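Visitor: Residues -8 to 343 (my numbering) make up the sequence shown, in order. The beta-carbon is built from N, C-alpha and C at its ideal position, and this holds for glycine as well. Owing to the predicted nature of the structure, the values given are computational and were not obtained by experimental measurement.
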Amino acid sequence: MIRVDQISNRNILIIIRILSVQLFLTSLPIFALTNDILINVFFNDKNVLIEKPESDFLVPVIEESLRESLAVFSENKIFTLDTSIVRVENISGLRVCDKAIEFHKKTITFHDPDKLLETYTQCKYKITNNKTKQSVFLRIGLNRTFRSWCRKKDSSSREIRKTVDAILDILHVKCCNDYSVKKSLVIAKMLNLADKKIVDVSPVGSFTNLRALWLNDNLISNITPLTSLKNLFVISLSNNKLSTIQSIKYLKNSRWVFLNQNHITKINAITQLENMKVFTAEDNDIIDISPLLNLRMNVKVKIDGNPFDKNICKDFLAKKSSVLHKDILNDICHDYIKIIPAKIAKIKQKGI
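#1: Could you give the C-beta distance for N207 and N222, rounded to a whole number, given that I count them as a contact under 8 angstroms?
#2: Determine the burial state of D322: buried for a count of at least 16 other Cβ atoms within 10 Å of its Cβ, exposed for fewer.
#3: Would you call the segment 108 to 127 and the segment 73 to 87 in contact, with 3 or more CB pairs under 8 angstroms?
#4: Taking the CB atoms as reference points, tell me whether N209 and I189 lie closer together than 8 angstroms.
#5: Relative to the alpha-carbon of L108, which residue among L129, R138 and S148 has its alpha-carbon at the smallest distance?
#6: With DSSP as the reference, identify every bridge partner of I238, one or two as the case may be.
#7: Between the beta-carbon of V292 and the beta-carbon of I255, is there less than 8 angstroms?
#8: Let's see if you can read the secondary structure: which residues bound the alpha helix (DSSP H) around R152?
#9: How long is the line joining the alpha carbons of Q125 and I99, rounded to whole angstroms?
#10: For L29, tell me which candidate among E42, L228, V52 and N35 has the shortest Cα-Cα distance.
#11: Compute the Euclidean distance between the alpha carbons of K187 and A157, then round it to the nearest angstrom.
#12: Rounded to whole angstroms, what's the CA-CA distance from I21 to F128? Just pull it up for me.
#13: Who are G132's beta bridge partners in DSSP?
#14: What would DSSP say about K268, mapped onto helix, strand or coil?
#15: By a C-beta neighbour count over all protein chains shown, 10 Å radius and 16 as the cutoff for buried, is Q252 buried or exposed?
#16: Using DSSP with H/G/I as helix, E/B as strand and the rest coil, what is F198?
#17: Taking the alpha carbon of N285 as the point to measure from, which residue in N259, P51 and S146 has its own alpha carbon closest?
#18: Helix, strand or coil for K291, going by three-state DSSP, please let me know.
#19: Short of 8 angstroms in beta carbon distance, which residues of its chain neighbour K173, apart from the five on each side in sequence? Order them along the chain.
#20: Alpha carbon to alpha carbon, how far is D145 from A91?
#21: Sort K232, V195, M181 and L204 by Cα distance to N213 and report the nearest one.
#22: In the DSSP assignment, what are the bridge partners of I226?
#23: Could you spell out the range, first to last residue, of the alpha helix (DSSP H) harbouring V177?
#24: Just mark V290 as buried or exposed, buried being the case when its beta carbon has 16 or more other beta carbons within 10 Å.
#25: From S175 to V164, what does the alpha carbon distance come to, in whole angstroms?
#26: Less than 8 angstroms between the CB atoms is what I'm expecting for F270 and I261, so what's the real figure, rounded?
#27: For Y170, count neighbouring C-beta atoms within 10 Å of its own C-beta (all shown protein chains included) and say buried if the count is 16 or more, exposed if not.
#28: Identify which residue in V192, C141 and K257 has its Cα closest to the Cα of Y111.
#29: Considering only the alpha carbon of each residue, which of V32, I178 and V155 lies closest to C141?
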């Protein structure tokens, strides 16, 4: 059973008695593939909210929602959060994590870290079974709901204020307590924040019911606050300052992903987007395009303007009839085919 006690609106304290929350792992090889577990927690003025699997909305932290967020894969290996059985190490080393989260015997305590939470922050814990010595990495993302960021806007960073103001402008409201803000949080399916000079996307993280999000033509370099937006179908991040997109793997429902004109070097994370239909990453710094060959064969790809090894196109032209991912490689190599001298192109085509 889990008991939730609220202390005050200003200093929220929620005590969660965990008697049966379990982390299930199948084996060490599978555990290695899962890498770690991420749950996102949101503070507002009254309680603590959490993502609920297969749901559009955030829900109060209760036994069922926490169990669903933490339980993975199988019954064979059991990890609990009972500190008499496991050792919990905060390996993020961040002061805000120590302030916001405490592990006790069979208890996790969440405190609103107030001004210490300046932006979305991930706290990383290594949980080791004292008997088996096996470990699991648990990451807890700390964020605020949009209305909470809005109410704290005047004491927040310039980047947070800019994002909050951009959203209020889209909603055509000025007051954080306006009913339309609350209504939009519940019903909004699309949000266009293109060309707003946005740097910090933390206030966007609680819009978990979004299906389409346009953030192109901004100044964004970090997309980890968006890991809670698991219902997105469309995500546009073109013309930003991204160098890594590792966090995009959590947006598993994404169909259309637009990442043109950034500084991205690696695209391994997109292989986990099993529903993707269109992927564009033109004018980046991508050298290794082999992850594209692990996508479904009907994915439309555009990656012109990247310094990838063009030998893959030479090999493709030579072996075209036996290549599995013809459509993807056709998309990748179409410009290469155009620049081959005409006679060589004809020779190549005869050999296909």
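Guide: Walking through what the data contain:
#1: By 1-based counting over the sequence shown, the position of residue 207 is 216. By 1-based counting over the sequence shown, the position of residue 222 is 231. Between N222 and N207 the Cβ distance is about 20 angstroms, and since that is not below 8 angstroms, they are no contact.
#2: Numbered from 1 along the sequence shown, position 331 holds the residue referred to as residue 322. Taking all protein chains shown into account, D322 has 16 or more neighbouring C-beta atoms within 10 Å of its C-beta and is therefore buried.
#3: Touching, per the Cβ criterion.
#4: Walking along the sequence shown from the start, residue 209 turns up at place 218. Walking along the sequence shown from the start, residue 189 turns up at place 198. The answer is yes: Cβ separation under 8 angstroms.
#5: The count along the sequence shown starts at 1 and reaches residue 108 at position 117. Of the listed residues, the one whose Cα sits closest to L108 is S148.
#6: Along the sequence shown, read from residue 1 onward, the residue named residue 238 stands at position 247. Going by the sequence as given, residue 238 is Ser instead of Ile. Partner(s): none; S238 has no beta bridge.
#7: Here residue 292 corresponds to residue number 301 of the sequence shown, with the count starting at 1. Here residue 255 corresponds to residue number 264 of the sequence shown, with the count starting at 1. Not in contact: V292 and I255 (Cβ atoms no closer than 8 angstroms).
#8: Your numbering for residue 152 matches position 161 in the sequence shown. Taken as a continuous stretch (DSSP letters only), the alpha helix (DSSP H) holding R152 covers R149 to L162.
#9: Position 134 of the sequence shown, counted from the start, is the residue given in the question as residue 125. Position 108 of the sequence shown, counted from the start, is the residue given in the question as residue 99. For Q125 and I99, the distance between alpha carbons rounds to 21 angstroms.
#10: Taking the first residue of the sequence shown as 1, we reach residue 29 at position 38. Of E42, L228, V52 and N35, the residue nearest in Cα terms is E42.
#11: Residue mapping note: residue 187 aligns to position 196 of the sequence shown, counting from 1. Residue mapping note: residue 157 aligns to position 166 of the sequence shown, counting from 1. So the two alpha carbons sit approximately 7 angstroms from each other.
#12: Here residue 21 refers to the residue found at position 30 of the sequence shown. Here residue 128 refers to the residue found at position 137 of the sequence shown. At I21 the pLDDT is 30, less than 50, meaning the model places this residue with poor confidence; the figure from the coordinates comes in the next sentence. Computed Cα separation, rounded: 13 angstroms.
#13: Position 141 of the sequence shown, counting from 1, holds the residue named residue 132. G132 is bridged to N31 and Q113.
#14: Here residue 268 corresponds to residue number 277 of the sequence shown, with the count starting at 1. K268: coil per DSSP, three-state reduction.
#15: On the sequence shown, position 261 is the one that residue 252 refers to. Its Cβ being crowded by 16 or more others within 10 Å, Q252 is buried.
#16: Locating residue 198 in the sequence shown gives position 207, where the first residue counts as 1. F198: coil per DSSP, three-state reduction.
#17: Stepping through the sequence shown from its first residue, residue 285 is reached at position 294. For N285, the nearest C-alpha among the options comes from N259.
#18: Reading the sequence shown from its first residue, position 300 is the one you call residue 291. Strand at K291.
#19: Start at 1 with the first residue of the sequence shown, and residue 173 comes out as number 182. Correct list, in chain order: R138.
#20: Counted from its first residue, the sequence shown places residue 145 at position 154. Counted from its first residue, the sequence shown places residue 91 at position 100. Distance between the alpha carbons of D145 and A91 is about 22 angstroms.
#21: Looking up residue 213 in the sequence shown gives position 222. Nearest C-alpha to N213: K232.
#22: Position 235 of the sequence shown, counting from 1, holds the residue named residue 226. Answer is L204 and V248.
#23: As a working note, residue 177 is residue 186 in the sequence shown. Per DSSP, V177 belongs to the alpha helix (DSSP H) from Y170 to I178.
#24: As a first step, residue 290 is located in the sequence shown; it is residue number 299 there, counting from the start. V290 is buried by the Cβ-count criterion.
#25: Start at 1 with the first residue of the sequence shown, and residue 175 comes out as number 184. Start at 1 with the first residue of the sequence shown, and residue 164 comes out as number 173. In a straight line, the C-alpha of S175 is about 11 angstroms away from that of V164.
#26: Sequence index remark: in the sequence shown, residue 270 carries index 279 (1-based). Sequence index remark: in the sequence shown, residue 261 carries index 270 (1-based). Confirmed, Cβ separation roughly 6 angstroms.
#27: Numbered from 1 along the sequence shown, position 179 holds the residue referred to as residue 170. Note on Y170: under 16 other CB atoms within 10 angstroms of its CB, so exposed under the neighbour-count rule.
#28: In the sequence shown, counting from the first residue as 1, residue 111 sits at position 120. Minimum Cα distance to Y111 is reached at V192.
#29: Here residue 141 corresponds to residue number 150 of the sequence shown, with the count starting at 1. The residue with the shortest Cα to Cα distance from C141 is V155.
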